[in-house]
Amino acid sequence: MILGVTGSIAAYRAADIASQLTKRGCEVHVVMTSDAQEFITPLTLQVLSRHPVTTSLYDEKHNWHPGHIDLADRADLLLVAPATANTIAKLAVGLADDALSAIALATRAPLLIAPAMNGKMWTHPATEGHVATLKS
C-alpha cells in the first residue's frame, strides 16, 4: 500500500500509521509532499516503513524506469493521511505536479483520504465539492 503524507500539523500521525501497518504485516511505501517534510522527516517514515520514502519525482532521475508509475501499479490501496484541502483539490481535478498527485492519478487502487484541516476549510463549498468528486 501507499501512504501519502501531506503538509498538515497532523503529519506526525503518519509515523504511527506507518508503524502500526508495518507491524501488522502491510508493505507500506510512503510518499511525502514537500510541505509534509516541514513537519516530519522522510528518515522517520523510512525507518518505520522499512522502505525508501519517495519525496519527489526527481528522486528517479538516475533510474531508467519511472518508479512512481511502478509504485502506482503495485499499490492495492492509496491512503492519504493527513489529507490537506490543497491535496484533496489536486486529487479531485487530476493535477499531477508532485510525486503523490502523480501516483494518485496513475494508480487504479482504491483511494482513502483522512482529511486534516481547519473546520472552516473543511466546510468550505470548494472542499465539499472536491470531496464529492472524489467519492463519485
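For the sequence shown, numbering that gives the first Met the number 0 begins at 0 and goes up steadily by one. Glycine residues also receive a C-beta, built at the ideal position from the N, C-alpha and C atoms.
For Pro81, the three-state DSSP class (helix, strand or coil): strand
Continuous beta strand (DSSP E) stretch holding Met31: start and end: Annotation for Met31: the continuous beta strand (DSSP E) segment containing it runs His28 to Met31.
Test: Gly66 CB closer than 8 Å to a CB of chain C: Any reference to chain C falls outside this structure, which holds one protein chain only.
Start and end residues, alpha helix (DSSP H) containing Gly66: Counting along the chain, the unbroken alpha helix (DSSP H) around Gly66 starts and ends at Gly66 to Arg73.
Ile87 versus Thr126 - alpha carbon distance: Cα to Cα, Ile87 sits roughly 8 Å from Thr126.
Alpha-carbon spacing of Leu134 relative to Ile8, whole angstroms: According to the sequence provided, residue 134 is Lys. The question's Leu does not apply to it. Straight-line Cα distance between these residues: approximately 25 Å.
Pairwise C-alpha distance: Thr106 and Met116: 25 Å
Meets three-Cβ-pair contact criterion under 8 Å: the region 34-48 and the region 7-22: yes
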